[in-house]
Amino acid sequence: MRIFSGIRASGDKTLGNYSGGYRQYAATQEQGDAVFCIVDLHSITTAYEPEGLHEATLAGAAMLFATGIDPERSIVFCQSHVQAHAEAAWLLSSVTSFGELRRMTQFKDKSADQEFVSAGLFTYPVLMAGDILLYQTDIVPVGDDQRQHVELTRDIAERFNGRYGDTFTVPKGVYPDEGARIKNLQEPERLMSTSAGNPQGVIRIVDEPDVIRKKFKTAVTDSEREVRHDPDAKPGISNLIEIMSVVAGESPAAIEARYDNSGYGQFKEDVGEAVVTLFAPIQERYRELRADEEGLRRLLGTGAEKARAASAPTLEIMVERMGFVRP
Ligand code: TYM
Numbered sequence: 088m089r090i091f092s093g094i095r096a097s098g099d100k101t102l103g104n105y106s107g108g109y110r111q112y113a114a115t116q117e118q119g120d121a122v123f124c125i126v127d128l129h130s131i132t133t134a135y136e137p138e139g140l141h142e143a144t145l146a147g148a149a150m151l152f153a154t155g156i157d158p159e160r161s162i163v164f165c166q167s168h169v170q171a172h173a174e175a176a177w178l179l180s181s182v183t184s185f186g187e188l189r190r191m192t193q194f195k196d197k198s199a200d201q202e203f204v205s206a207g208l209f210t211y212p213v214l215m216a217g218d219i220l221l222y223q224t225d226i227v228p229v230g231d232d233q234r235q236h237v238e239l240t241r242d243i244a245e246r247f248n249g250r251y252g253d254t255f256t257v258p259k260g261v262y263p264d265e266g267a268r269i270k271n272l273q274e275p276e277r278l279m280s281t282s283a284g285n286p287q288g289v290i291r292i293v294d295e296p297d298v299i300r301k302k303f304k305t306a307v308t309d310s311e312r313e314v315r316h317d318p319d320a321k322p323g324i325s326n327l328i329e330i331m332s333v334v335a336g337e338s339p340a341a342i343e344a345r346y347d348n349s350g351y352g353q354f355k356e357d358v359g360e361a362v363v364t365l366f367a368p369i370q371e372r373y374r375e376l377r378a379d380e381e382g383l384r385r386l387l388g389t390g391a392e393k394a395r396a397a398s399a400p401t402l403e404i405m406v407e408r409m410g411f412v413r414p
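Going by our numbering, the sequence shown opens with residue 88, and the numbers climb by one from there.
So this is what it looks like as structure tokens:
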């Protein structure tokens, strides 16, 4: 089985990324041939600084290894190192409609408050479809916010296969049972993300332990005192229950039972402490890996070679089927 997932280049990854991304990557790499991509070409679709991208890419690689991706077992590479990705995006844009892209909610959200909306932000889901389809991917482990993009990828694959003959495996998205949509601790109606929302409610994987504790202590809850999972009536507490479930590996029901009648204070403190404990060894490995820039570049170089070899046959079939003259 082929597994593929991508993650934007950034050193500011969150507990949400851990829940929908990293922890699923580490688990799925045990199930088949896994490919993980630091999608630096995606990172330029919104305003950015070139020096910042450089740092973010290396940080992104360090975080993948720190959270348990084994470079011997899985392919880890940087999107811009494998030119097939940019090429596949162009080819696939001819089987993607304007209307489909216009319906993407992430585009609507991300373009809403920007003065300059790049064409790249609009066509980004086509690049993502290429990322996935080039590797004949069976499953795509992601968080719920990527569901619409994965569904579009399936539609693009089916349309290409229908028009040019069977070329792509049609991939399936894989979403965690708990924690597919971790919310901002201060604004529990909003996804936890570094790009929008109250930063006090965003847990970064590299946050200092005391910062994490404080953010949990001040998390927004409600005026009751019952630790109960009910996302509509109790979004703040339900989010904390999901976080505890992700971090402790327990079901929401077991957590509810454990905190029956104990009030919110102790619960919030315990969730914070559990996250601190989970992130401590990751932070330590991350610092070590990030300090060895040469080592990271070497690992990314090997990953790029393997990714080029794995993606080239698909790109070759695409161009042939589409009728291009080959040199
Ligand atoms: P990115 O970099 O925004 O996020 C990486 C992963 O983290 C998940 N995630 C969350 N999961 C739960 N709760 C949250 N609050 C939360 N925030 C983020 C995301 O769902 C994602 O799985 N477009 C993608 C990157 C991408 C990609 C791909 C993914 C490019 N090509 C091909 C899969 C396959 C993105 O921006 O993810």
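Think of the CB as a built atom: it goes at the ideal place given N, C-alpha and C, for glycine as much as any other residue.
Quick caveat, the model's predicted, so the values are computed rather than measured.
Integer Cβ distance of residue i from residue j, believed to fall under 8 angstroms
{"i": "residue 302", "j": "residue 290", "result": "6 angstroms"}
{"i": "residue 173", "j": "residue 220", "result": "Between residue 220 and residue 173 the Cβ distance is about 14 angstroms, and since that is not below 8 angstroms, they are no contact."}
{"i": "residue 334", "j": "residue 361", "result": "5 angstroms"}
{"i": "residue 223", "j": "residue 255", "result": "7 angstroms"}
{"i": "residue 279", "j": "residue 271", "result": "5 angstroms"}
{"i": "residue 94", "j": "residue 122", "result": "Incorrect: roughly 12 angstroms between the Cβ atoms, too far for contact."}
{"i": "residue 226", "j": "residue 115", "result": "7 angstroms"}
{"i": "residue 266", "j": "residue 329", "result": "5 angstroms"}
{"i": "residue 145", "j": "residue 380", "result": "6 angstroms"}
{"i": "residue 194", "j": "residue 208", "result": "6 angstroms"}
{"i": "residue 243", "j": "residue 179", "result": "6 angstroms"}
{"i": "residue 127", "j": "residue 281", "result": "17 angstroms between Cβ atoms; not a contact."}
Of the listed residues the options, nearest to residue i (C-alpha basis)
{"i": "residue 408", "options": "308, 354, 369 and 249", "result": "249"}
{"i": "residue 366", "options": "229, 103 and 93", "result": "103"}
{"i": "residue 399", "options": "213, 309, 388 and 217", "result": "217"}
{"i": "residue 392", "options": "198, 264 and 169", "result": "169"}
{"i": "residue 181", "options": "127, 319, 251 and 203", "result": "251"}
{"i": "residue 119", "options": "402, 162, 347 and 237", "result": "162"}
{"i": "residue 141", "options": "377, 404, 196 and 394", "result": "377"}
{"i": "residue 390", "options": "148, 346 and 298", "result": "148"}
{"i": "residue 298", "options": "283, 363 and 282", "result": "363"}
{"i": "residue 210", "options": "260, 183 and 135", "result": "183"}
{"i": "residue 296", "options": "356, 201, 139 and 258", "result": "356"}
{"i": "residue 92", "options": "346, 352, 236 and 332", "result": "236"}
{"i": "residue 201", "options": "310, 134 and 383", "result": "134"}
{"i": "residue 420", "options": "101, 88 and 111", "result": "Residue 420 cannot be examined here, being either before or after the span of the chain that is shown, 88 to 414."}
{"i": "residue 260", "options": "276, 215, 129 and 402", "result": "215"}
{"i": "residue 206", "options": "283, 232 and 132", "result": "132"}
{"i": "residue 401", "options": "88, 346 and 253", "result": "253"}
{"i": "residue 374", "options": "294, 129 and 347", "result": "294"}
{"i": "residue 113", "options": "413, 369 and 414", "result": "369"}
{"i": "residue 352", "options": "88, 321 and 304", "result": "304"}
Distance between residue j and residue i (C-alpha atoms, nearest Å)
{"i": "residue 350", "j": "residue 234", "result": "35 angstroms"}
{"i": "residue 171", "j": "residue 165", "result": "12 angstroms"}
{"i": "residue 385", "j": "residue 358", "result": "38 angstroms"}
{"i": "residue 245", "j": "residue 187", "result": "14 angstroms"}
{"i": "residue 317", "j": "residue 371", "result": "36 angstroms"}
{"i": "residue 125", "j": "residue 167", "result": "9 angstroms"}
{"i": "residue 106", "j": "residue 323", "result": "17 angstroms"}
{"i": "residue 268", "j": "residue 96", "result": "20 angstroms"}
{"i": "residue 343", "j": "residue 314", "result": "6 angstroms"}
{"i": "residue 228", "j": "residue 137", "result": "29 angstroms"}
{"i": "residue 159", "j": "residue 196", "result": "38 angstroms"}
{"i": "residue 387", "j": "residue 319", "result": "43 angstroms"}
{"i": "residue 230", "j": "residue 394", "result": "23 angstroms"}
{"i": "residue 177", "j": "residue 406", "result": "11 angstroms"}
{"i": "residue 326", "j": "residue 339", "result": "10 angstroms"}
{"i": "residue 198", "j": "residue 139", "result": "21 angstroms"}
{"i": "residue 383", "j": "residue 212", "result": "28 angstroms"}
{"i": "residue 404", "j": "residue 411", "result": "10 angstroms"}
{"i": "residue 274", "j": "residue 308", "result": "10 angstroms"}
{"i": "residue 203", "j": "residue 312", "result": "45 angstroms"}
{"i": "residue 276", "j": "residue 396", "result": "43 angstroms"}
{"i": "residue 238", "j": "residue 348", "result": "42 angstroms"}
{"i": "residue 109", "j": "residue 189", "result": "29 angstroms"}
{"i": "residue 337", "j": "residue 240", "result": "33 angstroms"}
{"i": "residue 345", "j": "residue 257", "result": "42 angstroms"}
{"i": "residue 310", "j": "residue 191", "result": "36 angstroms"}
{"i": "residue 341", "j": "residue 157", "result": "32 angstroms"}
{"i": "residue 101", "j": "residue 413", "result": "45 angstroms"}
{"i": "residue 130", "j": "residue 232", "result": "17 angstroms"}
{"i": "residue 332", "j": "residue 143", "result": "29 angstroms"}
{"i": "residue 300", "j": "residue 88", "result": "40 angstroms"}
{"i": "residue 321", "j": "residue 283", "result": "22 angstroms"}
Residue ranges of each alpha helix (DSSP H) within the region 186–259, 4 or longer: 192–199, 206–220 and 234–251
4-residue-minimum alpha helix (DSSP H) runs that sit fully inside the region 332–388, ordered along the chain: Complete alpha helix (DSSP H) runs here, min 4: 339–345 and 351–378.
Secondary structure, alpha helix (DSSP H): runs of 4+ residues fully inside the region 111–190: Listed in chain order, they are 137–153, 171–179 and 185–189.
In chain order, each beta strand (DSSP E) run of at least 3 residues that lies wholly inside the region 256–327: 259–261
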